[in-house]
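Reviewing the structure listed below.
Protein chains in written order, with our numbering: chain C, 1 to 691; chain A, 692 to 750.
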C-alpha cells in the first residue's frame with residue numbers, strides 16, 4: 001500500500017511537471033524560452049504515455065501473454081529467428097527505425113514557429129506513431145514475424161497486399177530522391193563538405209576489406225578504425241579547402257553533384273554488400289548514436305534559448321521553405337518523429353523474429369518510437385535556437401528570396417526576421433563555408449544549430465569542424481539509406497518482374513541485377529535531377545510528397561491493425577488505431593487535394609504547371625529557365641498523378657478494411673485470423689537471458 | 692565494478708554483432724552437430740548478404 005501511494009505521488013509530480021512544461025511552451029508569446037522546457041515536456045509526456053496508455057493497450061487490448069512462446073523461440077534457427085535480450089533488440093530496432101527523417105522534417109516545419117511542430121511531434125508520437133509501431137510489432141510477432149504486406153494480404157485480402165507492396169516501393173523512390181537532394185544541397189560549392197562526404201566512400205571500403213578479408217567478422221575493430229578515419233576526414237576536408245588547385249576538384253554546382261550521387265547509388269547497389277553497404281552502416285550507426293547522445297547532453301548542459309517565435313506569419317501558407325498552410329502541411333512535413341509508416345516495415349521485419357517474450361513488445365515498439373520522437377524534438381530545438389533571420393536565410397531557396405545576398409536579407413528582414421549580409425558572411429566564415437544562403441533541405445541549418453550548441457559547449461574555435469562533422473554525420477546515414485533503399489527496391493522490383501519472367505526474379509542473376517538496379521536508380525535519379533534543376537529548390541515539391549507517401553504507408557499499417565482488432569472481437573477498442581488512422585486519412589487527403597486544386601503556384605501542382613506553361617508561351621522566361629521549363633511542367637503533372645495515386649491507394653485500403661469489418665460484424669465470411677496457435681514458452685527458466 | 696564492465700562489454704559486442712560468429716558456432720554445435728560449420732569468412736559474407744536482403748534501414 002505504501003509503495004502504491006508513493007508511486008501515485010511520483011506520477012502525479014511527473015504529470016504536473018509535464019503539464020507545466022507543455023503549457024509554458026504553448027502559452028509563451030513574444031519571449032524567448034529555455035530549450036530545457038522542451039526536453040522536460042517531451043520526457044514527461046513520453047513517461048506518462050508509456051506508463052499508462054501503452055501499458056493499458058498491451059494488457060487490456062492486445063492481451064499480451066508472457067507464457068506464450070514467441071516465433072524467436074519456436075522457430076529458432078540461430079540466425080533470423082533467435083530469442084534475444086530485450087535491450088539488444090531495442091538497440092537493433094532503434095538503429096533501424098531512426099534515420100535522417102526526424103532530423104530534417106522538424107527543421108523544415110520550424111518555418112511555422114516552434115509550437116505546431118513540437119506539439120505534433122509529442123501528440124502524434126504517443127497517440128499515433130508509438131501505437132502503430134507497437135501494435136504492428138505485436139501482430140507480426142503473433143504471426144511468425146510476417147511482413148506488413150503479407151499481413152495485409154492474409155487479413156484483408158489481395159487488394160491490401162498489393163497496395164502495401166506498391167506503396168512501399170514508391171515511397172522508397174521518393175524518399176531516396178529527397179534525401180539525395182538534401183545531401184546535394186549540403187555539398188553544393190562546398191569543397192570541405194564534398195571532399196569529406198567523398199572520403200566516406202573509400203573509408204567504408206577500407207573498413208569493409210578489414211572486416212571481410214583481414215579480420216573476418218571483427219566488427220568492433222573495423223568500426224573503431226572507420227570512426228577514427230571519418231574524424232580525420234573531417235579535418236582533412238578543412239585542409240583540402242585551404243589548398244588552391246586541390247579545392248577546385250571538389251567545388252561543384254548542384255547538377256554534377258547530383259550525377260555523382262546517382263552514379264554512386266548505382267555502384268553501391270551492384271557491389272557486394274560487404275564492401276560498401278555493410279561497413280558504411282556500422283559507421284553510420286555509431287555516428288548516429290554518438291551524435292544523438294552528445295546533442296542531448298549539450299542541450300541539457302547549456303540550456304540554449306529558443307529564439308524562433310511560437311508561431312510565425314507563415315502559418316497562412318506563404319512560407320519560403322515550402323508552400324502550404326499549417327493545416328495540413330505541418331503534419332505532412334513532420335512524418336518521422338511523429339508517425340512514420342516506414343517503421344511498420346521494420347516492426348514486421350527483423351524485430352519480431354528476435355523478441356524472446358511478448359511482454360518486451362511495449363518497451364521495444366512503443367519505447368523505440370518514443371526515443372525517435374525525442375530525437376525529432378532535439379532537431380526542433382537545434383533549428384529554433386538559431387536567429388530566425390539566419391534560419392530563413394539558410395533555408396530559403398534562391399527562387400523565393402532572390403539570388404543576391406543583399407536581396408535575400410532585405411526580403412527576409414522585411415518579414416520581421418532581421419538579418420544582415422555581414423552577419424551571414426561572418427557565420428559562413430566561422431563555419432568554413434563560402435556562403436550559407438539557399439542551402440535548403442534542413443541539413444545545413446541543423447548543422448549550424450548543432451555547431452553553435454557544440455561550439456559553446458566545447459569551444460568556439462572549433463565551429464567549422466563541428467559544422468562539417470554534422471554535415472558528414474548526416475550525409476553518412478543518408479547515403480546508407482540510399483544504398484539500402486536502392487537494394488530493397490531492387491528486390492521488390494525483381495519480385496514483381498519475376499511474375500512476368502521467372503529469370504528476372506533471380507536475385508543473383510547478374511543481368512537482372514543490373515537491369516533492376518538501373519531501373520530503381522533511374523526512378524529516384526529522375527526526381528533528384530528535377531529537384532536540382534528546379535529554381536524553387538525541389539524540397540518544396542519533394543518533401544511534402546515524401547511526407548504524404550510515408551503517412552499513407554502508416555495508414556495502411558493502421559488499417560491492417562484496425563481490421564485485425566475488429567476481427568478479433570475488439571471493436572470497442574478499435575479506436576486505438578482507428579483514431580490515428582482517421583487523422584492520417586484527413587490530413588493526407590486534404591494535402592493531396594490542396595496539391596491538386598490549389599491556385600497558389602507554390603502549393604498546387606497544376607497551378608504551377610499552368611503558370612509556367614503560360615510564361616513559356618508568352619516568352620517571358622529568361623533563356624536558361626525556358627530551356628528546363630518543359631521538363632519542369634511535365635514533372636509537375638507527374639507529381640500530381642503520383643499524389644492522386646497515393647490518395648487512391650489510401651482510400652482503396654480503408655474501404656477494403658471497412659468492408660471486412662462490416663462483414664465480420666454481420667457474421668459473414670471474412671479471411672480468418674492468421675495468428676499462430678498458442679504454444680507454452682519453455683524459456684521462463686532462462687529468464688536471465690532476457691533481463 | 693569488474694562484473695558490470697564485463698556485462699557492458701558483452702552487451703556492446705552483442706549489439707554490434709562482434710560476437711556473431713561465436714554465437715553461430717554455439718548454435719551450430721547444438722542444432723547441427725553432424726555437419727561442419729562455415730569458416731569465419733564464409734559465415735560473415737553469408738550473414739551480411741542475408742542481412743541486407745530485407746528492409747533494415749528507415750528514413
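Ideal Cβ placement from N, Cα and C applies to all residues, glycine included.
1. Could you tell me whether any Cβ in chain A is nearer than 8 Å to the Cβ of residue 550 of chain C?
2. Nearest chain A C-beta to residue 142 of chain C closer than 8 Å, yes or no?
3. Can you pull the chain A neighbours of residue 216 of chain C, defined as C-beta to C-beta under 9 Å?
4. Is the Cβ-Cβ distance between residue 555 of chain C and residue 450 of chain C less than 8 Å?
5. Using 10 angstroms around the beta-carbon of residue 293 of chain C, count the other beta-carbons present and answer buried if the total reaches 16, otherwise exposed.
6. Spell out whether any CB of chain C is found under 8 Å from the CB atom of residue 739 of chain A.
7. By Cβ distance below 6 Å, which residues in the same chain neighbour residue 692 of chain C in space, the five residues on each side in sequence not counted?
8. Beta carbon of residue 274 of chain C, beta carbon of residue 705 of chain A: below 8 Å?
9. Nearest chain C C-beta to residue 725 of chain A closer than 8 Å, yes or no?
10. Considering only heavy atoms of the ligand FMN, does any lie closer than 7 Å to the CB of residue 646 of chain C?
11. What does residue 343 of chain C reach in chain A if we use C-beta pairs closer than 8 Å?
12. If we define contact as Cβ-Cβ less than 8 Å, is residue 704 of chain A a contact residue for chain C?
13. Leaving aside the five residues before and after residue 539 of chain C along the sequence, list all residues of the same chain whose C-beta is less than 6 Å from its C-beta, in chain order.
14. From the DSSP output, which residues share a beta bridge with residue 359 of chain C?
15. Does the CB of residue 5 of chain C have a neighbour CB from chain A at under 8 Å?
16. Quick one: which chain D residues come within Cβ less than 7 Å of residue 720 of chain A?
17. Check for me: the alpha helix (DSSP H) holding residue 73 of chain C runs from which residue to which?
18. Does the Cβ-Cβ distance between residue 603 of chain C and residue 615 of chain C come in under 8 Å?
19. According to DSSP, simplified to helix, strand and coil, what is residue 540 of chain C?
20. Looking only at C-alpha atoms, which of C:667, C:414, C:410, C:466 sits nearest to residue 430 of chain C?
21. What residues from the stretch 68-80 of chain C come within 9 Å of chain A, judged by C-beta to C-beta, listed N to C?
22. Check whether the Cβ atoms of residue 377 of chain C and residue 121 of chain C lie closer than 8 Å to each other.
23. Could you compute how far the alpha carbon of residue 299 of chain C sits from the alpha carbon of residue 46 of chain C?
24. Using a Cβ cut-off of 9 Å, pull out every chain C residue sitting near residue 693 of chain A, in sequence order please.
25. Using 10 angstroms around the beta-carbon of residue 85 of chain C, count the other beta-carbons present and answer buried if the total reaches 16, otherwise exposed.
26. Tell me which same chain residues have a C-beta within less than 6 Å of the C-beta of residue 747 of chain C, skipping the five on either side of it?
27. Listed in chain order, which residues of the stretch 336-368 of chain C have Cβ atoms closer than 9 Å to some Cβ of chain A?
28. Around the Cβ of residue 249 of chain C, are there at least 16 other Cβ atoms within 10 angstroms (buried) or fewer (exposed)?
29. Taking Cβ-Cβ distances shorter than 7 Å, what residues in chain A pair up with residue 96 of chain C?
30. So what's residue 693 of chain C in DSSP terms, helix, strand or just coil?
31. Does any CB atom of chain A fall closer than 8 Å to the CB of residue 491 of chain C?
32. Output yes if chain A places a C-beta closer than 8 Å to the C-beta of residue 120 of chain C; else output no.
To lay it out plainly:
1. Against the first chain, residue 550 of chain C aligns to sequence position 550. With a threshold of 8 Å between beta carbons, residue 550 of chain C makes contact with chain A.
2. Residue mapping note: residue 142 of chain C aligns to position 142 of the first chain, counting from 1. False, the Cβ-Cβ gap to chain A never drops below 8 Å.
3. Sequence index remark: in the first chain, residue 216 of chain C carries index 216 (1-based). 712, 730, 731, 732, 733, 734, 735, 736, listed in chain order.
4. The sequence position of residue 555 of chain C within the first chain is 555, counting from 1. The sequence position of residue 450 of chain C within the first chain is 450, counting from 1. No. Outside cutoff.
5. Translated into positions along the first chain, residue 293 of chain C becomes position 293. By the 10 Å Cβ count, residue 293 of chain C comes out exposed.
6. The residue given as residue 739 of chain A occupies position 48 in the second chain. True, the Cβ-Cβ gap to chain C drops below 8 Å.
7. This structure cannot settle anything about residue 692 of chain C, because the visible part of chain C is limited to 1 through 691.
8. Taking the first chain and counting its residues from 1, one reaches residue 274 of chain C at position 274. Taking the second chain and counting its residues from 1, one reaches residue 705 of chain A at position 14. Their beta carbons are not under 8 Å apart, which means residue 274 of chain C does not touch residue 705 of chain A by this criterion.
9. To locate residue 725 of chain A, count along the second chain from 1; it is residue 34. Using a CB distance cut-off of 8 Å, residue 725 of chain A does not count as an interface residue toward chain C.
10. The ligand FMN is not among the ligands present in this structure, which contains no ligands whatsoever.
11. Here residue 343 of chain C refers to the residue found at position 343 of the first chain. Within chain A, 749 have C-beta atoms less than 8 Å from the C-beta of residue 343 of chain C, given in sequence order.
12. As a working mapping, residue 704 of chain A is identified with position 13 in the second chain. Residue 704 of chain A counts as touching chain C.
13. Sequence index remark: in the first chain, residue 539 of chain C carries index 539 (1-based). Counting only Cβ-Cβ distances below 6 Å, and skipping sequence neighbours, we find 440, 441.
14. In the first chain, the residue the question calls residue 359 of chain C occupies position 359. Bridge partners of residue 359 of chain C: none, in fact.
15. Looking up residue 5 of chain C in the first chain gives position 5. Chain A contact via Cβ: absent.
16. Among the chains of the structure shown, chain D does not appear; the protein chains present are C and A.
17. Locating residue 73 of chain C in the first chain gives position 73, where the first residue counts as 1. Taken as a continuous stretch (DSSP letters only), the alpha helix (DSSP H) holding residue 73 of chain C covers 71-74.
18. Your numbering for residue 603 of chain C matches position 603 in the first chain. Your numbering for residue 615 of chain C matches position 615 in the first chain. No. Outside cutoff.
19. On the first chain, position 540 is the one that residue 540 of chain C refers to. In the structure shown, residue 540 of chain C sits in a helix (DSSP, three-state: H, G or I).
20. What you label residue 430 of chain C is simply residue 430 of the first chain in a count that begins at 1. For the residues C:667, C:414, C:410, C:466, the minimum Cα distance to residue 430 of chain C belongs to C:466.
21. Going along the stretch 68-80 of chain C in chain order, one finds 76, 77, 78, 79, 80 with a Cβ nearer than 9 Å to chain A.
22. Here the question's residue 377 of chain C lines up with position 377 in the first chain. Here the question's residue 121 of chain C lines up with position 121 in the first chain. Going by beta carbons, residue 377 of chain C and residue 121 of chain C fall inside the 8 Å limit.
23. In the first chain, the residue the question calls residue 299 of chain C occupies position 299. In the first chain, the residue the question calls residue 46 of chain C occupies position 46. Approximately 18 Å, taken between the alpha carbons.
24. By one-based count along the second chain, residue 693 of chain A stands at place 2. Neighbours of residue 693 of chain A on chain C: none; closest Cβ ~19 Å, over 9 Å.
25. Here the question's residue 85 of chain C lines up with position 85 in the first chain. A residue is called buried when at least 16 other Cβ atoms come within 10 angstroms of its Cβ; residue 85 of chain C meets this threshold and is buried.
26. With chain C covering only 1 through 691, there is no way to say anything about residue 747 of chain C.
27. For the stretch 336-368 of chain C, the residues whose beta carbon sits under 9 Å from a beta carbon of chain A are, in order, 336, 340, 342, 343, 345, 346, 349, 350.
28. As a first step, residue 249 of chain C must be located in the first chain, where it is residue number 249. Per the 10 Å Cβ criterion, exposed.
29. Here residue 96 of chain C refers to the residue found at position 96 of the first chain. Taking the beta carbon of residue 96 of chain C as reference, the chain A residues within 7 Å of it are 747, 748, 749, listed in sequence order.
30. Nothing about residue 693 of chain C can be reported from this structure: the residues present for chain C run from 1 to 691 only.
31. By one-based count along the first chain, residue 491 of chain C stands at place 491. For residue 491 of chain C, the answer is yes, since a Cβ of chain A falls inside 8 Å of its Cβ.
32. Here residue 120 of chain C corresponds to residue number 120 of the first chain, with the count starting at 1. So, not an interface residue.
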